[in-house]
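Student:
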Amino acid sequence: MNIQEISQGKKVDAQQMIEFYDQLEEIDCALMYGRWKGYEVITGHPMNGLLAQANWYGKLLIDQETVYPLVLLNTKKTALFFIDPKWLPLNLDFKFLKKNAKSLAGGLKLLKTKDSKARLRMTEFRGKISATMIYDEKPIHDVFRKIDENTVLGWMDLKQQPQPYFFILQRDENSSLGFE
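The opening position of the sequence shown corresponds to residue 1 in the UniProt record's numbering, with each subsequent residue numbered one higher.
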């Protein structure tokens, strides 16, 4: 599987991604600490495209208790900020959200927070124990598997969503982007 092509938006079969994910190594919580640039894996999931349209940058994990699950670029793409996922409705029609995402992206600034909104734990998922981001106020677990030391594949395990949503995180400690 070519991770470079996938991170650039090449569509991949969801079943192939599941098989690829299942064969990857577990990752320890401590190896997840840092700033990560995120890329959606396009599999035909209803959420595909939504994060990109919202200027999703990635994730920031300081330690097991200080985790920022949604880091976005500001509209000028000059700085980063955190949003509180508590206010994001997961039961809305994804097609509606995607159609209106550009106009909604600016409104995400209203969800800005300085507070950590998730934590990191080791959990068992699909037969392996691996680092998992557990959102504070949403039924979401992002379960990570190691591609290499600086690249991980995440599976967003969302309650009542049978189709997996995948994303790639690449370590990005040298970014010049600061936080608002």
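All C-beta atoms, glycine included, are put in the ideal place defined by N, C-alpha and C.
Just so you know, these numbers come straight off a predicted model, no measurement behind them.
When burial is assigned at 16 or more other CB atoms within 10 Å of the CB, is Leu110 buried or exposed?
Tutor: Residue 110 sits at position 110 when you count from the first residue of the sequence shown. The residue in question, Leu110, is exposed, as its Cβ has fewer than 16 Cβ neighbours within 10 Å.
Student: Any contact between the segment 40 to 51 and the segment 78 to 87? By contact I mean 3 or more CB pairs, one from each, below 8 angstroms.
Tutor: Verdict: no, contact absent.
Student: Look at the alpha carbon of Phe20 and the alpha carbon of Leu120, and state the distance between them as a whole number of angstroms.
Tutor: The residue labelled residue 20 in the question sits at position 20 within the sequence shown. The residue labelled residue 120 in the question sits at position 120 within the sequence shown. If I take the Cα positions, the gap works out to 23 angstroms.
Student: Under the DSSP definition of a beta bridge, which residues are partnered with His141?
Tutor: Against the sequence shown, residue 141 aligns to sequence position 141. His141 is bridged to Ile134 and Asp157.
Student: For Pro85, which of helix, strand or coil comes out of DSSP?
Tutor: On the sequence shown, residue 85 is found 85 positions in, with the first residue counted as 1. Of the three classes helix, strand and coil, the one that applies to Pro85 here is helix, per DSSP.
Student: Suppose you measure from the CA of Asp148 to the CA of Gln170; what does that come to, to the nearest Å?
Tutor: As a first step, residue 148 is located in the sequence shown; it is residue number 148 there, counting from the start. As a first step, residue 170 is located in the sequence shown; it is residue number 170 there, counting from the start. Approximately 9 angstroms, taken between the alpha carbons.
Student: Identify which residue in Leu177, Phe82 and Tyr165 has its Cα closest to the Cα of Val41.
Tutor: Along the sequence shown, read from residue 1 onward, the residue named residue 41 stands at position 41. Of the candidates Leu177, Phe82 and Tyr165, the one whose C-alpha sits nearest the C-alpha of Val41 is Tyr165.
Student: Tell me the DSSP bridge mates of Ile3?
Tutor: If you number the sequence shown from 1, residue 3 lands on position 3. Note: Ile3 sits in no beta bridge, so no partner.
Student: For a test of the three-state rule: what should DSSP assign to Ala118, helix, strand or coil?
Tutor: The sequence position of residue 118 within the sequence shown is 118, counting from 1. Reduced to three states, the DSSP call for Ala118 is strand.
Student: Per DSSP, which one or two residues make a beta bridge with Ala79?
Tutor: Numbered from its first residue, the sequence shown carries residue 79 at position 79. Answer is Gly178.
Student: Would you grab the beta carbon distance between Asp172 and Trp36 for me? Rounded to a whole angstrom, and I think it's under 8 angstroms.
Tutor: The count along the sequence shown starts at 1 and reaches residue 172 at position 172. The count along the sequence shown starts at 1 and reaches residue 36 at position 36. Going by Cβ atoms, the distance from Asp172 to Trp36 rounds to 6 angstroms, so yes, they are a contact pair.
Student: Can we say the segment 132 to 143 touches the segment 4 to 17, given the rule of at least three CB pairs closer than 8 angstroms?
Tutor: No, they do not touch.
Student: Select from Lys159, Ser116 and Arg126 the residue whose C-alpha is nearest the C-alpha of Val67.
Tutor: As a working mapping, residue 67 is identified with position 67 in the sequence shown. That would be Ser116, whose Cα lies nearest to the Cα of Val67.
Student: Taking Lys159 as the reference, which of Val12, Lys77 and Lys138 has the closest Cα?
Tutor: Counting from one through the sequence shown, the residue named residue 159 turns up at place 159. The residue with the shortest Cα to Cα distance from Lys159 is Lys138.
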